[in-house]
Amino acid sequence: MLSHQALLDDFPFNQMIEVLTVGNAGGLFVLWDDNMLELDEIATTVQEIHVMIKVSGTIDSWLFSSIYATSLWNMRKILWENLHTIKNNYSGKWLIGGNFNELLHSLDKKGGNPLNTPCSKDFWDIINYYEFIDQR
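All letters in the sequence shown, in the order written, are residues 1 to 136 by my numbering.
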């Protein structure tokens, strides 16, 4: 297992939540400076880190979800279920970022196998249900 702890020395942050890298799989982290932000870890799995973020000295907070979806479709469905649970139980501000390991448009793909239409459709369904905005 590989830790991302060395990143704290490379960037101007002093705190980290991580999912360790195992071989070529996984590896996810959230870095922050606790002089500027307060983070409360809500949930962590191999594909996601969810934290409540508050700017120090304010009362405003929001949920941040860092995503690194597996390429294994059956495992990715667990991620969709977890996001569904959050959507149904949280009504505040929510920022999601990361790699969903899925393509929405054939123009996003160059070479290799053609776009997997059923997987792409499922991802479109997720985006529409959660009212995500694709920031290309």
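Each residue gets a CB set at the ideal place from its N, CA and C atoms; glycine is no exception.
Predicted model, so just to flag it, every value in this text is computed and none were measured.
>> Below 8 Å on the Cβ atoms is my contact criterion, and I expect residue 36 with residue 56 to pass it. Report the Cβ-Cβ distance as a whole number of Å.
In response: With a Cβ gap of about 6 Å, residue 36 and residue 56 count as contacting.
> Any chance the segment 43-52 sits against the segment 2-9, with 3 or more Cβ pairs inside 8 Å?
Replying inline: Taking a cut-off of 8 Å for Cβ pairs, the segment 43-52 and the segment 2-9 do not touch, as fewer than three such pairs fall below it.
>> Please classify residue 19 as buried or exposed, where buried requires at least 16 other C-beta atoms within 10 Å of its C-beta.
In response: Answer is buried; the Cβ neighbour count reaches 16.
>> Taking only three categories from DSSP, how would you classify residue 74?
In response: The answer is helix: DSSP assigns residue 74 an H, G or I state.
> What are the start and end residues of the alpha helix (DSSP H) that includes residue 103?
Replying inline: Neither: residue 103 is in no alpha helix (DSSP H) and is coded neither H nor E.
> residue 68 by DSSP, collapsed to three states: which one?
Replying inline: Note: residue 68 maps to strand in three-state DSSP.
>> Contact defined as beta carbons within less than 8 Å: I believe residue 70 pairs with residue 101. What is the distance between those atoms, to the nearest angstrom?
In response: Going by Cβ atoms, the distance from residue 70 to residue 101 rounds to 7 Å, so yes, they are a contact pair.
> Candidates 85, 11, 9: which alpha carbon is nearest residue 129's?
Replying inline: Looking at the Cα atoms, 85 is the closest of the given residues.
> Run through DSSP, which three-state label would residue 14 get?
Replying inline: For residue 14, the three-state secondary structure derived from DSSP is coil.
> Considering only C-alpha positions, which residue in the set 28, 6, 33, 126 is nearest to residue 81?
Replying inline: Checking every option, the nearest Cα to that of residue 81 belongs to 126.
> What does a CB cutoff of less than 8 Å around residue 31 pick up in its chain, not counting 5 residues either side in sequence?
Replying inline: In the same chain as residue 31, and ignoring 5 residues on each side of it, the C-beta atoms closer than 8 Å to its own belong to 7, 8, 11, 13, 15, 16, in chain order.
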